[in-house]
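Data block below; observations after.
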Amino acid sequence: MRARGCLISTGVFVVLIFVCCLVLLFVGVPRFQNSLKNEMAHALSTEVAVQVPDSQLGGGTYTISLAELQQKLTGSVNSNGVNGITLASRGQQLELSIETSGNNKVSYTGTPTVQNGRLVMADMQTSNSTLGFFMPADKLGNAIENGVNDFFSANNLKMTSLQVQGDKIIINATK
Numbered sequence: 225m226r227a228r229g230c231l232i233s234t235g236v237f238v239v240l241i242f243v244c245c246l247v248l249l250f251v252g253v254p255r256f257q258n259s260l261k262n263e264m265a266h267a268l269s270t271e272v273a274v275q276v277p278d279s280q281l282g283g284g285t286y287t288i289s290l291a292e293l294q295q296k297l298t299g300s301v302n303s304n305g306v307n308g309i310t311l312a313s314r315g316q317q318l319e320l321s322i323e324t325s326g327n328n329k330v331s332y333t334g335t336p337t338v339q340n341g342r343l344v345m346a347d348m349q350t351s352n353s354t355l356g357f358f359m360p361a362d363k364l365g366n367a368i369e370n371g372v373n374d375f376f377s378a379n380n381l382k383m384t385s386l387q388v389q390g391d392k393i394i395i396n397a398t399k
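Under the numbering used here, the letters of the sequence shown match residues 225 to 399, in that order.
Laid out in structure tokens, this is it:
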């Protein structure tokens, strides 16, 4: 009779662990992704606002510095588990690299384009599928799009073109 009680207790314990894993997978991971996505979008929107003077909001050419954007992202992302952020251009592609504690690194690449007056991050990819599980490339692309598009929409601006040139992003926009 004792063996049966032990077996039942072990079975209940295994089921509880399984349920906890499911809750983590279906509740915890999406909340983490949304939190990181919102932090990234807010940081981008804020930095674009800083780099585009109010006096130039009538339309024209806007230059965004990748170095300043990197500095803002580094300062605004919750540093728990993040050791560093690097933002660089690779031709017309942008690459965002995040180094986590334990020297794990994940890089995201994508091509910024303009469609229907809005920024679209095309061909978003990640270099590390394990870390990419926690922040998929498409969700990061959405965060970048939302951060920049929110600023331009709030100022009644429509993007007409975008180019990556060295460490700068050149955006043309109209009212």
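Ideal Cβ placement from N, Cα and C applies to all residues, glycine included.
Among the residues of its own chain, which have a CB less than 6 Å from the CB of residue 365, if the five just before and after it don't count? Translated into positions along the sequence shown, residue 365 becomes position 141. Closer than 6 Å at the Cβ level, and outside the excluded window around residue 365, lie 334, 345 and 348.
Going by C-alpha to C-alpha distance, which of 373, 324 and 238 sits closest to residue 359? Within the sequence shown, the letter at position 135 stands for residue 359. For residue 359, the nearest C-alpha among the options comes from 324.
Completely contained alpha helix (DSSP H) runs for the region 313-381, where each covers 4 or more residues: 353-358 and 361-378
Run through the DSSP bridge pairs and tell me what residue 392 is partnered with. Residue 392 sits at position 168 when you count from the first residue of the sequence shown. Residue 392 is bridged to 289 and 389.
Strand pairing of residue 283, partner residues [DSSP]: Against the sequence shown, residue 283 aligns to sequence position 59. Beta-bridge pairing links residue 283 to no other residue.
Is the CB-CB distance between residue 350 and residue 356 below 8 Å? Position 126 of the sequence shown holds residue 350. Position 132 of the sequence shown holds residue 356. Cβ atoms of residue 350 and residue 356: closer than 8 Å.
From this set, 354, 311 and 339, which residue's C-alpha is nearest residue 328's C-alpha? By one-based count along the sequence shown, residue 328 stands at place 104. When each option's Cα is compared against that of residue 328, the closest is 354.
Residue 298 versus residue 285 - alpha carbon distance: Here residue 298 refers to the residue found at position 74 when the sequence shown is read from its first residue. Here residue 285 refers to the residue found at position 61 when the sequence shown is read from its first residue. When rounded, the distance between both Cα atoms is 26 Å.
Which word fits residue 336, buried or exposed, when buried means at least 16 other C-beta atoms lie within 10 angstroms of its C-beta? Position 112 of the sequence shown, counting from 1, holds the residue named residue 336. The residue in question, residue 336, is buried, as its Cβ has 16 or more Cβ neighbours within 10 Å.
What would DSSP say about residue 306, mapped onto helix, strand or coil? Taking the first residue of the sequence shown as 1, we reach residue 306 at position 82. If DSSP states are grouped into helix, strand and coil, residue 306 belongs with the strands.
Flag residue 391 as yes if its beta-carbon sits less than 8 Å from any beta-carbon of chain B, otherwise no. Of the protein chains in the structure, only one exists, and it is not chain B.
Contacting residues, own chain, Cβ-Cβ under 6 Å from residue 312 (five flanking each side not counted): For the purposes of this step, residue 312 is taken as residue 88 along the sequence shown, with counting starting at 1. So the qualifying residues of the chain are 319.
Contacts around residue 387, its chain only, beta-carbon distance under 7 Å, and the 5 residues preceding and following it disregarded: For the purposes of this step, residue 387 is taken as residue 163 along the sequence shown, with counting starting at 1. Taken in chain order, the residues that qualify are 394.
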